[in-house]
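Colleague: Chains F and L, in that order, are what the protein sequence lines are.
Residue 202 in the numbering used here sits at position 202 of the first sequence, with consecutive numbering throughout.
Residue 132 in the numbering used here sits at position 132 of the second sequence, with consecutive numbering throughout.
Quick reminder that beta carbons are idealized off the backbone N, C-alpha and C, glycines included.
Please see the structure below; I have some questions.
2 protein chains.
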Amino acid sequence: MLKFDEQLYLKDGKTTYETRGKIEQIADEISKEGYKNIFFISVGGSIAIMLPVVEMLKQLTDVPIYAEQAAEVVLTGHRQLTKDSIVIMSSKSGDTKETVRAAEWCKENGYRVVSLVGTPDAPLEKLSRWVIPNRAKDGVEFEYMELFMLVFRLLANRNEFPKYNQFADQLEKLPENLVKAKQKFEPIADEIAKNYYNEPYNIWVGDGEMWGEVYLFSMCVVEEMQWIRTKAVSSSEFFHGTLELVSDNVPVFLVKGEGKRRVLDERVEKFCKQYTKKLVVIDTKDYELEGIDDDFRWILAPTISTTLLVDRLAFHYEKYTGHDLDIRRYYRQFDY
Amino acid sequence: MLKFDEQLYLKDGKTTYETRGKIEQIADEISKEGYKNIFFISVGGSIAIMLPVVEMLKQLTDVPIYAEQAAEVVLTGHRQLTKDSIVIMSSKSGDTKETVRAAEWCKENGYRVVSLVGTPDAPLEKLSRWVIPNRAKDGVEFEYMELFMLVFRLLANRNEFPKYNQFADQLEKLPENLVKAKQKFEPIADEIAKNYYNEPYNIWVGDGEMWGEVYLFSMCVVEEMQWIRTKAVSSSEFFHGTLELVSDNVPVFLVKGEGKRRVLDERVEKFCKQYTKKLVVIDTKDYELEGIDDDFRWILAPTISTTLLVDRLAFHYEKYTGHDLDIRRYYRQFDY
């Protein structure tokens, strides 16, 4: 596979899975201390991958859940955010300006922060009450794994996720399954990139627990790393404006999930099959998760799409566009 | 002014304001019955204008507030949505498929619905426990006025909006102020439309209580009614991907609000001034609200932007593109 080191990837999976003990210990401490609600606070790609978790929690827990953009919440506050809240933050670099500022603000206000931090001794680490090291070199799926262990252990402690142990045991098998998914997708990724790398504009659609994925890939990869124009819209909202832009030659990328909102994705698919010749469907259902219960698939679907898109499709785009994924003209290049 | 009937508009303003008594009576009944949280449930443009209200309420009330897309919530439910919730819905036609289905679902589950309905005897009216007639012919600002009276009266009843009476009294002066805002904006709208009607792609940016406005205008007007490609992004998230698409010839439309997040808009403005020659700033601060306290301006800012954009800029686009705002190729043209 293009730019893929299987041994390193599986080692990263193992490193991630090894944080299970620590994560469960943190979750148990939080449960023991008690909390009234949970806030996810981050920016960009980091908040994007929290959105699927928020969508899942709506269906699973009686605890009120909120997601806030770091730069906004420090300006406005939020009346539900108090010392009784738990704040979950994440930053791969550990020094994302807005997130670090929000963590400082939380500390000043006495809000308890638990963070996923990708870099040892980063500023975010020092500002957090609890730290979950997110030491995998790459792979958004590994951040999902840690978030899942954290939130579902919290739910298990409230009897809202009774199959937690089974779920967490089976998570160990996720990385090897994702390698197989990547392998299966590799020629498809090549084909998609070859066909569409030169398209000046793409519509990206997905819903619910897949919306964060669509938001992340379209904005933080296609736009940020390839400078290609996108429009991202949820499958439900697609029919209230963006559908009018669909025509034979407009590419629509649909990311289908496996949860209760899948019928909304299917409605988009049915519509687009008729009105564009350039429909690309990424369906997580096409990828096996051996040794993992079907019950957990809707939760793990974003780990599949992220491994296919962020780790595979992005590199194939890079190959055809010749546009290095690491080049930025503005982002983090200077102060603004 | 282009396609504008001032007398009709002021009459619509009056009709809207006359619902104050009924709205306050409904709010008082709801307050008396009690409620644990408030859900805004709708689709497309109707949910878009609820998003600013959600952003305001985060800062003003201890009541948990949620916004859900109608087609999604009926599939997944939401653990916080119970018989103790109040559901606020809105539909101009009163027959929007997803919203009507969600209202039926609420009724089946015993959730109390209060609706803003634009058409007498529409299906949504029959499914709602309380109905606020929204009889103005056009004008998103009139829907805002009704929503504001409803939610801020609810807050007043909890001592969370002590200046309610002053606010509601002054609302009567909003329509005439908006006429003046339109007049001032008319030549600017013409200039913007003339300069940009032919641009194949626009970035629309705004934040917080203005985000719903940016979402609405870009998707439900520019995309749906003019078939022009857009990307909408919040001022805070702009810096995490979309900024890389900015270059000299890419139009960026920034809608500045007057709340606590205005500094985020200013950051976008400062950045874009340097990196595109096509920055258009819509700043509600440029428009007077005579007879209305400055304290209320951040709340009323979305009514100003909507009157400028949806009511004025849209018609000037239509004039230059020659693309009738009422033409749809798909939306409501057949079943899909």
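In chain order, which continuous runs of the beta strand (DSSP E) of length 3 or greater are located wholly inside the region 204-243 of chain F?
Modeller: Qualifying beta strand (DSSP E) stretches, in chain order: 229-234.
Colleague: Give me, in chain order, the residues of the same chain whose beta-carbon lies closer than 8 Å to that of L:Y330; leave out the 5 immediate sequence neighbours on both sides.
Modeller: As a working mapping, residue 330 of chain L is identified with position 330 in the second sequence. Taken in chain order, the residues that qualify are Y336.
Colleague: Less than 8 Å between the beta carbons of L:V43 and L:A71, yes or no?
Modeller: One-based indexing of the second sequence puts residue 43 of chain L at position 43. One-based indexing of the second sequence puts residue 71 of chain L at position 71. Yes, these two residues count as a Cβ contact at 8 Å.
Colleague: If we count the other Cβ atoms within 10 Å of its Cβ and call it buried at 16 or more, is L:N159 buried or exposed?
Modeller: Here residue 159 of chain L refers to the residue found at position 159 when the second sequence is read from its first residue. It counts as exposed.
Colleague: Cβ closer than 9 Å: which chain L residues qualify as neighbours of F:Y331?
Modeller: In the first sequence, residue 331 of chain F corresponds to position 331, counting from 1. Near F:Y331 (Cβ distances below 9 Å), the residues of chain L are F239, H240, G241, L243, E244.
Colleague: Looking at the C-beta of F:H323, does it have a partner C-beta in chain L at a distance below 8 Å?
Modeller: By one-based count along the first sequence, residue 323 of chain F stands at place 323. Cβ-Cβ to chain L under 8 Å: no for F:H323.
Colleague: Run through DSSP, which three-state label would F:R20 get?
Modeller: Against the first sequence, residue 20 of chain F aligns to sequence position 20. Of the three classes helix, strand and coil, the one that applies to F:R20 here is helix, per DSSP.
Colleague: For F:L245 versus L:W227, is the C-beta distance shorter than 8 Å?
Modeller: Your numbering for residue 245 of chain F matches position 245 in the first sequence. Your numbering for residue 227 of chain L matches position 227 in the second sequence. Their beta carbons are under 8 Å apart, which means F:L245 touches L:W227 by this criterion.
Colleague: Inspect the beta-carbon positions of F:T337 and F:G257 and report whether they are closer than 8 Å.
Modeller: Because chain F in this structure spans residues 1 to 336, residue 337 of chain F falls outside the shown range and cannot be described.
Colleague: Let's see if you can read the secondary structure: which residues bound the beta strand (DSSP E) around L:V281?
Modeller: Numbered from its first residue, the second sequence carries residue 281 of chain L at position 281. 279-283 is the span of the beta strand (DSSP E), which, as asked, contains L:V281.
Colleague: Are there 16 or more other CB atoms within 10 angstroms of the CB of F:G259, so buried, or fewer, so exposed?
Modeller: Along the first sequence, one-based indexing puts residue 259 of chain F at 259. That one is buried.
Colleague: List the endpoints of the continuous beta strand (DSSP E) containing L:Y68.
Modeller: Within the second sequence, residue 68 of chain L is the residue found at index 68, counting from 1. Per the sequence shown, the amino acid found at residue 68 of chain L is Glu instead of Tyr. Here the beta strand (DSSP E) through L:E68 covers 65-69.
Colleague: How would you label F:L8, buried or exposed, when you count the other beta carbons within 10 angstroms and need 16 or more for buried?
Modeller: Numbered from 1 along the first sequence, position 8 holds the residue referred to as residue 8 of chain F. Under this definition F:L8 is an exposed residue.
Colleague: So, under 8 Å CB-CB, L:I299 and L:F148 are touching, yes? Tell me the CB distance rounded to an integer number of Å.
Modeller: If you number the second sequence from 1, residue 299 of chain L lands on position 299. If you number the second sequence from 1, residue 148 of chain L lands on position 148. Right, their Cβ atoms sit about 7 Å apart.
Colleague: Are the CB atoms of L:F161 and L:G13 nearer to each other than 8 Å?
Modeller: As a first step, residue 161 of chain L is located in the second sequence; it is residue number 161 there, counting from the start. As a first step, residue 13 of chain L is located in the second sequence; it is residue number 13 there, counting from the start. No. Outside cutoff.
Colleague: With distance defined between alpha-carbon atoms, name the residue in L:D293, L:T303, L:F271 nearest to F:F334.
Modeller: On the first sequence, position 334 is the one that residue 334 of chain F refers to. Closest option to F:F334, Cα to Cα, is L:F271.
Colleague: For F:F238, which of F:G206, F:V263, F:M219 has the nearest alpha-carbon?
Modeller: Mapped onto the first sequence, residue 238 of chain F falls at position 238. Comparing Cα positions, the closest option is F:G206.
Colleague: Could you pull the start and end residues of the alpha helix (DSSP H) that F:I192 belongs to?
Modeller: On the first sequence, position 192 is the one that residue 192 of chain F refers to. First-last of the alpha helix (DSSP H) with F:I192: 174-196.
Colleague: For the region 76-153 of chain L, list the beta strand (DSSP E) runs that are entirely contained and at least 3 residues long, ordered along the chain.
Modeller: List check, beta strand (DSSP E) in window: 85-91, 112-117, 130-133.
Colleague: If you draw a straight line from the C-alpha of F:K107 to the C-alpha of F:S236, how long is it?
Modeller: The count along the first sequence starts at 1 and reaches residue 107 of chain F at position 107. The count along the first sequence starts at 1 and reaches residue 236 of chain F at position 236. Distance between the alpha carbons of F:K107 and F:S236 is about 38 Å.
Colleague: Are L:P175 and L:L10 close, meaning C-beta to C-beta below 8 Å?
Modeller: As a first step, residue 175 of chain L must be located in the second sequence, where it is residue number 175. As a first step, residue 10 of chain L must be located in the second sequence, where it is residue number 10. It is a contact, given that the beta carbons lie within the stated cut-off.
Colleague: Would you be able to state if there are at least three C-beta pairs under 8 Å between the region 303-317 of chain F and the region 169-184 of chain F?
Modeller: Because the criterion of three Cβ pairs below 8 Å is met, the region 169-184 of chain F and the region 303-317 of chain F touch.
Colleague: Along the alpha helix (DSSP H) that carries L:I47, what are the first and last residues, could you check?
Modeller: Working through the second sequence from its first residue, we reach residue 47 of chain L at position 47. Start and end: 44-48.
Colleague: Does the separation of the CB atoms of L:V222 and L:N202 fall below 8 Å?
Modeller: Numbered from its first residue, the second sequence carries residue 222 of chain L at position 222. Numbered from its first residue, the second sequence carries residue 202 of chain L at position 202. Against a cut-off of 8 Å, the Cβ pair of L:N202 and L:V222 comes out as a contact.
Colleague: Can you look up L:L254 in the DSSP assignment and give me helix, strand or coil?
Modeller: Here residue 254 of chain L is taken as the residue at index 254 of the second sequence, counted from 1. Strand, per DSSP.
Colleague: In whole angstroms, give me the CA-to-CA distance for F:E269 and F:E213.
Modeller: As a position in the first sequence, residue 269 of chain F is number 269, starting the count at 1. As a position in the first sequence, residue 213 of chain F is number 213, starting the count at 1. For F:E269 and F:E213, the distance between alpha carbons rounds to 17 Å.
Colleague: In whole angstroms, give me the CA-to-CA distance for L:E98 and L:N109.
Modeller: Taking the second sequence and counting its residues from 1, the one referred to as residue 98 of chain L is at position 98. Taking the second sequence and counting its residues from 1, the one referred to as residue 109 of chain L is at position 109. Looking at the two C-alpha atoms, the distance is approximately 16 Å.
Colleague: Could you please give the first and the last residue of the uninterrupted alpha helix (DSSP H) stretch that includes L:F337?
Modeller: Any answer about residue 337 of chain L is impossible in this case: the structure gives chain L only from 1 up to 336.
Colleague: Could you spell out the range, first to last residue, of the alpha helix (DSSP H) harbouring F:L57?
Modeller: Reading the first sequence from its first residue, position 57 is the one you call residue 57 of chain F. First-last of the alpha helix (DSSP H) with F:L57: 51-60.
Colleague: In whole angstroms, what separates the C-alpha of L:P123 from that of L:T96?
Modeller: Here the question's residue 123 of chain L lines up with position 123 in the second sequence. Here the question's residue 96 of chain L lines up with position 96 in the second sequence. When rounded, the distance between both Cα atoms is 9 Å.
Colleague: Buried or exposed for L:Q80, going by 16 or more other Cβ atoms inside 10 Å?
Modeller: Position 80 of the second sequence, counted from the first residue, corresponds to residue 80 of chain L. Answer is buried; the Cβ neighbour count reaches 16.
Colleague: Of all Cβ atoms in chain F, is any one closer than 8 Å to the Cβ of L:E213?
Modeller: Residue mapping note: residue 213 of chain L aligns to position 213 of the second sequence, counting from 1. So, not an interface residue.
Colleague: Answer with yes or no whether the minimum CB distance from L:M219 to chain F is below 8 Å.
Modeller: By 1-based counting over the second sequence, the position of residue 219 of chain L is 219. L:M219 counts as touching chain F.
Colleague: Do the region 161-171 of chain L and the region 182-199 of chain L meet, that is, are 3 or more Cβ pairs less than 8 Å apart?
Modeller: Cβ pair count under 8 Å is below three, so no.
Colleague: Whose Cβ in chain L lies nearer than 9 Å to the Cβ of F:H78?
Modeller: As a working mapping, residue 78 of chain F is identified with position 78 in the first sequence. Ordered by position in chain L, the residues that pass the 9 Å Cβ test against F:H78 are K58, Q59.
Colleague: Which one or two residues does DSSP pair with L:F40 in a beta bridge?
Modeller: Position 40 of the second sequence, counted from the first residue, corresponds to residue 40 of chain L. DSSP, once it has assigned bridges, lists L:A67, L:I88 as partnering L:F40.
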